[in-house]
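Visitor: One structure, as structure tokens, below. Some questions next.
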Amino acid sequence: NAGVTQTPKFQVLKTGQSMTLQCAQDMNHNSMYWYRQDPGMGLRLIYYSASEGTTDKGEVPNGYNVSRLNKREFSLRLESAAPSQTSVYFCAGRGGKSADTQYFGPGTRLTVL
Amino acid sequence: GNSVTQMEGPVTLSEEAFLTINCTYTATGYPSLFWYVQYPGEGLQLLLKATKADDKGSNKGFEATYRKETTSFHLEKGSVQVSDSAVYFCAHREVTSGSRLTFGEGTQLTVNP
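Chains A and B supply the protein sequences, listed in that same order. Under the working numbering, think of the first position of the first sequence as 1, with each following residue one higher. Under the working numbering, think of the first position of the second sequence as 1001, with each following residue one higher.
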């Protein structure tokens, strides 16, 4: 099992550019999540998908959109990147064998200039 | 609202020292409690968890006990190693919030030889 995978690992964008962060899992997770990690602020939930076909806003959804393409994949899109979106982004999954535990991907480090 | 508060870091210890990282939470119900660890350049990994009052989670020499009366879940280890250097996150998940985790800010631990 690859677990939770994310692409790309690193990305630099200019203000106003768009991009999609990809996340895939092979652990049969029903729920998937996108977080951002900023110094001194822990992890904050951007969006989540409780099950295939559903998505909901988290704590900091502004400037982002998501798509739960199928059970395995959950993408995060920045339509018009801003410097405030410079962060490390983590995808996580829960469910299947891990009813109570979220499993995290390795992260994407995004810099917006 | 629901929140998790961790002891401020960074924490620097010598090898074989005793470690405590404090964590307290606010919740409206009876959450599950977690400690996650993040090694440099990696995603978060579950370290241990407890799902009800007085439960003790343990893993790799680390322990934490779910104290409902003090709403705490302090992380302890009797003898730290250099390889324990990482960022530690306390988190809780309330049944009423579905599957969402609320994280503390994280505590950076450095263990010197």
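All C-beta atoms, glycine included, are put in the ideal place defined by N, C-alpha and C.
Does the segment 82-90 of chain A come close enough to the segment 99-110 of chain A that 3 or more CB-CB pairs lie under 8 Å?
Guide: yes
Visitor: Across the segment 1010-1024 of chain B and the segment 24-37 of chain A, are there enough close Cβ pairs to call them in contact, namely three or more that are closer than 8 Å?
Guide: no
Visitor: Chain B beta carbons: is any one of them nearer than 8 Å to that of A:Gly43?
Guide: Looking at the sequence itself, residue 43 of chain A is Leu, so the reference to Gly does not match. Yes, because at least one Cβ of chain B sits closer than 8 Å to the Cβ of A:Leu43.
Visitor: For B:Glu1094, which residues in chain A fall below 9 Å Cβ to Cβ?
Guide: Simply none; closest approach about 12 Å.
Visitor: Measuring alpha carbon to alpha carbon, tell me which residue in B:Thr1051, B:Leu1047, B:Glu1042, B:Thr1065 is nearest B:Glu1094.
Guide: B:Thr1051
Visitor: Between which two residues does the beta strand (DSSP E) containing A:Phe90 stretch?
Guide: 87-95
Visitor: Can you round the beta-carbon distance between A:Tyr47 and A:Ser31 to whole angstroms, since I take them to be within the 8 Å contact cut?
Guide: About 12 Å separates the beta carbon of A:Tyr47 from that of A:Ser31, a gap too long to meet the 8 Å contact definition.
Visitor: Any heavy atom of the ligand MN closer than 7 Å to the CB of B:Ala1064?
Guide: Although the ligand MN was asked about, the structure shown includes no ligands whatsoever.
Visitor: Using only the alpha-carbon positions, how far apart do B:Asn1059 and B:Tyr1036 sit?
Guide: 11 Å
Visitor: Using a Cβ-Cβ cut-off of 8 Å, state whether B:Lys1049 counts as contacting chain A.
Guide: yes
Visitor: Would you kindly report the start and end of the unbroken beta strand (DSSP E) that includes B:Thr1012?
Guide: 1011-1014
Visitor: To the nearest angstrom, how far is it from the Cα of A:Glu52 to the Cα of A:Phe104?
Guide: Approximately 18 Å, taken between the alpha carbons.
Visitor: Going by beta-carbon coordinates alone, are B:Glu1015 and B:Val1080 separated by less than 8 Å?
Guide: Less than 8 Å divides the Cβ of B:Glu1015 from the Cβ of B:Val1080.
Visitor: By how many angstroms is the C-alpha of A:Pro8 removed from the C-alpha of A:Asn70?
Guide: Computed Cα separation, rounded: 19 Å.
Visitor: Between B:Pro1113 and the rest of its own chain, which residues show a CB-CB distance below 7 Å, the 5 nearest in sequence each way excluded?
Guide: Glu1015, Val1082
Visitor: Which of the three DSSP states, helix, strand or coil, is assigned to B:Asp1055?
Guide: coil
Visitor: Can you list the residues of chain B that A:Thr101 reaches, using a CB-CB cut of under 8 Å?
Guide: Phe1034, Leu1046, Lys1049
Visitor: DSSP state of A:Asp26, grouped into three classes?
Guide: Reduced to three states, the DSSP call for A:Asp26 is coil.
Visitor: What is the DSSP secondary structure of A:Ser18, reduced to helix, strand or coil?
Guide: For A:Ser18, the three-state secondary structure derived from DSSP is coil.
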